[in-house]
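K.L.:
Structure provided below as structure tokens; questions to follow.
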Amino acid sequence: MELLNVENVNKSYSKKVLDDVNFTINQGEVVGLVGPNGAGKTTLMRILCLLSNADSGEVKLCGISNKSRKEREKYLSNLAAIIETPALYENLSGYDNLDMIRRINNLSKDRMNEIIEFVNIGNMIKHRVKEYSLGMKQRLALGIALINSPKLLILDEPTNGLDYDGIIEFRELVAKVVEENKVSVIISSHILSEVEKMCHRILFLKDGKIIDASVSEKTVDEMYRTIYRGE
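Under my numbering, the first residue of the sequence shown carries the number 1005, and numbering increases by one thereafter.
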């Protein structure tokens, strides 16, 4: 079942950043978006999150258009994202960060307790976030993103700065999210190896255009070499 449809999306600043971008994502699918730094990945993520407007084209999430001002809130209710650095209140505890989001969204404490169990950082949940490792911050941010049960989760460079163990833990967490919540996930990265093991399919972004490796005659590795090394 199709969840996200991106059609003919264009965006320019001083130069063309996104050039007629088209792709779809199905329910429960994990899709990697791979491209060099500056390829337009974050711009695309921001358009999907309604943080930036496309110059032309349309995005539909759960059938709701990004152009519909009336249904903007409904569009966003189906979406959660971690774009670049996790937005956390460092001087509050992990518990208080979650509780604040719970209250804003008028959710039950039972739902919050489910997320605390999912985050799985033990007694550190009561400590201030400034005392957390980067891996713990990412887990907390992921928990906050999921608290409102979104249909689509967008993660922009989520493993940046994590050590090997942190990356493995994050992969396992994403797999758990998809299995238990049937969430679709877009993972953006400039490093193929970081997303290859987590994704059902990989989209490459080159010169503002999307290349879907799943429909190409080239293998993922060949596509990667073509884009990064010009082979």
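Ideal placement from N, C-alpha and C gives every residue a C-beta, glycine not left out.
How is the beta strand (DSSP E) around residue 1006 delimited, first residue to last?
P.N.:
From DSSP, the beta strand (DSSP E) with residue 1006 extends over 1006-1016.
K.L.:
Using the Cβ count rule (16 or more neighbours within 10 Å means buried), how would you classify residue 1043?
P.N.:
Buried, since its Cβ has 16 or more Cβ neighbours within 10 Å.
K.L.:
In three-state terms, what does DSSP make of residue 1060?
P.N.:
It is a strand residue.
K.L.:
Taking the CB atoms as reference points, tell me whether residue 1150 and residue 1185 lie closer together than 8 Å.
P.N.:
Yes, they are a contact pair.
K.L.:
Can you tell me where the beta strand (DSSP E) holding residue 1028 begins and where it ends?
P.N.:
It spans 1020-1030 - the beta strand (DSSP E) in which residue 1028 sits, taken as one unbroken run.
K.L.:
By the DSSP assignment, the alpha helix (DSSP H) with residue 1035 in it spans what residues?
P.N.:
Counting along the chain, residue 1035 falls outside any alpha helix (DSSP H), though it belongs to the beta strand (DSSP E) covering 1034-1038.
K.L.:
What's the C-alpha gap between residue 1162 and residue 1064?
P.N.:
Rounded to the nearest angstrom, the two C-alpha atoms are 24 Å apart.
K.L.:
Could you give the uninterrupted runs of the alpha helix (DSSP H) lying entirely in the region 1064-1125, keeping only those of 4 residues or more?
P.N.:
Entirely contained in the region 1064-1125, the alpha helix (DSSP H) runs reaching 4 residues are, in chain order, 1076-1081, 1098-1108, 1113-1123.
K.L.:
Using the three-state DSSP reduction, which class does residue 1129 fall into: helix, strand or coil?
P.N.:
The answer is helix: DSSP assigns residue 1129 an H, G or I state.
K.L.:
With DSSP as the reference, identify every bridge partner of residue 1174, one or two as the case may be.
P.N.:
For residue 1174, which the question treats as bridged, DSSP gives no partner whatsoever.
K.L.:
With DSSP as the reference, label residue 1151 as helix, strand or coil.
P.N.:
In this structure, residue 1151 counts as coil in the three-state DSSP scheme.
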